[in-house]
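In the numbering used here, the protein residues as written are 17 to 271.
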């Protein structure tokens with residue numbers, strides 16, 4: 017049974033974690049379901065924004081289920097659990113659609129890394145963020161020391177990862193990590209998504225790619241994607257394709 021649901025409401029796609037009994041912590045199955053949904057969203061026409069939400073009020077996501085990785089060998093832990101999770105969160109970060117994490121409750125460890133992979137975040141007043149991995153003898157493995165380091169000051173990340181401290185909503189807002197604090201963060205995110213639906217989808221997609229390239233989020237792929245998009249609109253590209261199909265030498269017009 018799926019514990020990550022995909023729901024489409026007009027131009028908005030919603031990815032919802034549904035494991036509230038375990039504070040929405042990730043299992044191996046949930047990682048796979050998230051990956052499948054991300055691929056589906058990328059191919060859906062008419063989606064202008066993606067919300068990442070969670071069931072329950074206490075937690076957005078408290079990380080990875082220790083029962084999912086606690087008995088893995090060191091090689092399996094590094095090669096599969098950590099690398100698979102990192103790859104899937106990277107896929108979320110590089111989604112062409114704008115994304116909003118709805119922090120209805122606490123976001124710890126992998127949950128914080130999931131939120132960091134989204135473009136912006138909306139947070140409930142009572143929610144907190146933390147990197148508690150050292151408390152169970154591990155380190156952040158799904159970009160908590162990498163992507164998060166581009167979003168928060170180094171001392172703040174160290175405060176969480178090295179000293180086990182939690183950061184509250186007001187401080188997260190002051191640090192620029194969250195866009196808004198709202199009693200109903202999902203409603204606030206839906207209002208932001210509604211505005212996104214009024215904008216040019218292609219302009220939004222390209223602007224996101226440019227910003228990601230500037231900050232080093234898969235810069236090589238972003239630059240090549242933008243270049244390929246530009247060349248695809250040229251007469252040279254059309255002539256090249258036509259000449260190949262007609263098995264003749266192309267005559268490029270240079271436009």
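Backbone N, C-alpha and C fix where the C-beta goes; we use that ideal spot for every residue, glycine too. Here the structure is a predicted model, which is why all the values come from computation and not from measurement.
Per DSSP, the unbroken beta strand (DSSP E) holding residue 76 starts and ends at 75-77.
Comparing C-alpha distances from residue 75 to each of 42, 105, 100 and 102 shows the shortest one belongs to 42. Where residue 250 is concerned, there is no enclosing beta strand (DSSP E), because DSSP gives it neither an H nor an E. In this structure, residue 36 sits near residue 72, with a CB-CB distance shorter than 8 Å.
Three or more Cβ pairs closer than 8 Å define a contact, and the stretch 105-124 meets that threshold against the stretch 53-65. Assigned with DSSP and collapsed to three states, residue 119 falls in strand.
Closest option to residue 48, judged by alpha-carbon separation, among 60, 26, 25 and 18: 18. When C-alpha distances from residue 202 are compared across 119, 194, 107 and 60, the shortest belongs to 119.
Put simply, the backbone Cα of residue 97 is about 14 Å away from that of residue 125.
Residue 68 is bridged by DSSP to 31 and 117. Residue 135 is positioned such that its CB atom lies closer than 8 Å to that of residue 224.
Runs of alpha helix (DSSP H) with 4 or more residues, each lying fully within the stretch 134-215, are found at 170-179, 185-190 and 201-212, listed in chain order.
Note that the stretch 135-152 touches the stretch 178-197; at least 3 beta-carbon pairs, one per stretch, sit closer than 8 Å. In this structure, 141 is the residue among 141, 206 and 172 with its C-alpha nearest to the C-alpha of residue 199. Excluding five sequence positions before and after residue 38, the CB atoms of its chain that fall closer than 7 Å to its own CB belong to 81, given in chain order. By the CB criterion at 8 Å, residue 78 and residue 122 fall inside the cutoff. Comparing alpha-carbon positions, the option among 187, 160 and 254 lying closest to residue 271 turns out to be 254.
Residue pairing for residue 20: DSSP places it in a beta bridge opposite 33. DSSP links residue 124 through a beta bridge to 146. For residue 80, the beta-bridge partners assigned by DSSP are 42. Residue 204 sits close to residue 138, with the two beta carbons spaced by under 8 Å. With fewer than 16 other beta carbons inside 10 angstroms of its own, residue 25 counts as exposed. Residue burial annotation: residue 104 is buried, with at least 16 other C-beta atoms found within 10 angstroms of its C-beta. One alpha carbon belongs to residue 165, the other to residue 182, and they sit about 16 Å apart. Annotation for residue 268: no alpha helix (DSSP H) segment contains it, and DSSP assigns it neither H nor E. Annotation: the continuous alpha helix (DSSP H) that includes residue 225 extends over 217-231.
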